[in-house]
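Numbered by this note's numbering, the letters in the sequence shown go through residues 7 to 294 in order.
Here's the structure we're looking at; comments come further down.
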Amino acid sequence: MGNNPSKKSTTSTSTSTPTTTGKKKNEPISNTGNTTSNNTSNATSQNNVAVKPENNQTSVNNVNNKVSISNNNSNNISSNNNNSNNNSNKIEDKAKRIEDFFDKYKDEDDNNVIGPDGITRLCKDLGVEPEDVVVLVLAWHLGAKQMGYFSKVEFTQGLSKLNIDSLQKLQQHLPTFKKDLDNANNFKDIYRFAFIFAKENENNKILDLESACSMLQLVLADRYPHTEKIQEFLMQQKSYKVLNMDQWLSILEFSKVINANCSNYDENGAWPVLLDEYSEWRKQTDPK
């Protein structure tokens, strides 16, 4: 029999099995992704090459900046050293001028002190009397320990603190010494110093009446109405030959607050007996 053309062939065409890459079997795998990656890598590499000159320039600039800063620091250090040396020279020059100032009045027999004769000459050159209160204020600033004497240490260190290195500058400073007396705190300290300064021996705790009266007149003068009367009382009474520091300081406080006729004096107050007696004497001699 012949073939039946109406029947379809039973032979089927094989179907390709897909692979895990999603490509057909035996189909060549594209390298497009790798090419892109390689191209990106190459581009990045080229960019890095292109950036390197800028990085190198930045590094050079940083080095230059560091060198500049280092040079500035060196200049600053050099400048500071020069300023330090200049200040050191100025201090040395000032100390030398003060020492020369001291040498002009130092004692012939003792090179480490200005004695009574030297102080007299110094006062003459300053245009003041040795008994002027500004001389006491000067001694207070110098921290002098004995009346009529300025040691070399007292003189040089005291004037250095005052920034005085010549006779002219000391003379110009005299008005300032007088202003110290108008300052309540300074005045009280100067008054206390006067007691210590007037003692014959710095270890003594008492001051003889004659020296006490002289100092009262020098420091208090016409400042308070009791000054003259207290001196008069001290010189004529027989109970006391010396004053101690408590009595000395109490005289100042008494002079500040007690009326001239002692009408407001309280005998039961914390005043020394010396002032009880003075108040009673004052009421008897001047009842007004």
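Where is the CB? At the ideal position from N, CA and C, for every residue including glycine.
Cβ neighbours of residue i in the same chain (closer than 8 angstroms, five flanking residues each side left out)
i: Val143; result: Phe183, Lys184, Asp186, Leu187 and Ile196
i: Gln237; result: Cys219, Leu222 and Gln223
i: Lys289; result: Asn267 and Cys268
i: Asp113; result: Val119, Ile120, Gly121, Asp123 and Gly124
i: Leu179; result: Before going further, note that residue 179 is His rather than Leu in the sequence given. Once the five neighbours on either side are set aside, the close Cβ partners of His179 are Leu168 and Ile170.
i: Gln243; result: Glu283 and Trp287
i: Thr126; result: Pro136
Spatial distance of residue i from residue j (CA atoms)
i: Val134; j: Phe239; result: 30 angstroms
i: Leu148; j: Gln174; result: 17 angstroms
i: Asp252; j: Pro122; result: 29 angstroms
i: Leu176; j: Met241; result: 37 angstroms
i: Thr233; j: Ser261; result: 7 angstroms
i: Glu286; j: Leu280; result: 10 angstroms
i: Ser305; j: Pro181; result: Past the edges of the chain, shown from 7 to 294, lies residue 305, and the structure says nothing about it.
i: Tyr230; j: Ala190; result: 14 angstroms
i: Thr291; j: Ile212; result: 28 angstroms
i: Lys130; j: Ser245; result: 40 angstroms
i: Glu206; j: Gly275; result: 32 angstroms
i: Lys235; j: Asp106; result: 45 angstroms
i: Val141; j: Asp115; result: 23 angstroms
i: Gln163; j: Glu259; result: 32 angstroms
Extent of the continuous alpha helix (DSSP H) to which residue i belongs
i: Ile196; result: Ala190 to Ala204
i: Val248; result: Element bounds for Val248: not the alpha helix (DSSP H) but the beta strand (DSSP E), Val248 to Asn250.
i: Arg288; result: Val279 to Thr291
i: Cys129; result: Pro122 to Leu132
i: Leu144; result: Val139 to Leu148
i: Ser166; result: Lys158 to Leu168
i: Ile236; result: Thr233 to Gln242
i: Pro181; result: Leu173 to Asp186
Best match in the options for proximity to residue i [C-alpha to C-alpha]
i: Asn169; options: Glu259, Lys102, Glu273 and Asp272; result: Lys102
i: Ile257; options: Gln242, Trp277, Asn270 and Val248; result: Trp277
i: Phe161; options: Val248, Glu137 and Gly124; result: Gly124
i: Ile255; options: Ile202, Ser166 and Asp272; result: A small correction: the amino acid at residue 255 is Leu; Ile does not occupy that position in the sequence shown. Ranking the options by Cα distance to Leu255, first place goes to Ile202.
i: Asp99; options: Thr126, Asp131 and Ser172; result: Ser172
i: Asn209; options: Leu180, Lys244 and Asn250; result: Asn250
i: Ile104; options: Pro136, Leu165, Asp131 and Lys130; result: Leu165
Bounding residues of the beta strand (DSSP E) (the contiguous stretch that carries residue i)
i: Leu213; result: Ile212 to Asp214
Close-in-space but distant-in-sequence residues of the same chain around residue i (CB under 7 angstroms, 5 per side omitted)
i: Glu216; result: none
i: Asn270; result: Ile264
i: Ala56; result: With a pLDDT of 43 at Ala56, under the threshold of 50, the predicted position of this residue should be treated as unreliable, and no value is reported.
i: Asn117; result: none
Presumed contact (8 angstroms Cβ cut-off) between residue i and residue j, rounded CB distance
i: Ala204; j: Met153; result: 6 angstroms
i: Tyr155; j: Leu128; result: Tyr155 to Leu128, Cβ: 12 angstroms. No contact.
i: Phe108; j: Ile97; result: Incorrect: roughly 17 angstroms between the Cβ atoms, too far for contact.
i: Phe193; j: Trp146; result: At roughly 10 angstroms, the Cβ-Cβ gap does not stay under 8 angstroms, so Phe193 and Trp146 are not in contact.
6 angstroms Cβ shell around residue i - same chain, five flanking residues per side excluded
i: Gln52; result: Residue placement at Gln52 is poorly supported in this model, since its pLDDT is 44, which falls under 50; the coordinates still yield a value, given next. There are no such residues.
i: Asp214; result: Val248
i: Val139; result: Leu224
i: Ala150; result: Phe156 and Glu160
i: Glu283; result: none
i: Glu273; result: Asp282
i: Leu132; result: Gln177
heavy atom of the ligand SAM below 8 angstroms from residue i C-beta
i: Met241; result: With respect to the ligand SAM, the structure shown offers nothing to examine, as it has no ligands at all.
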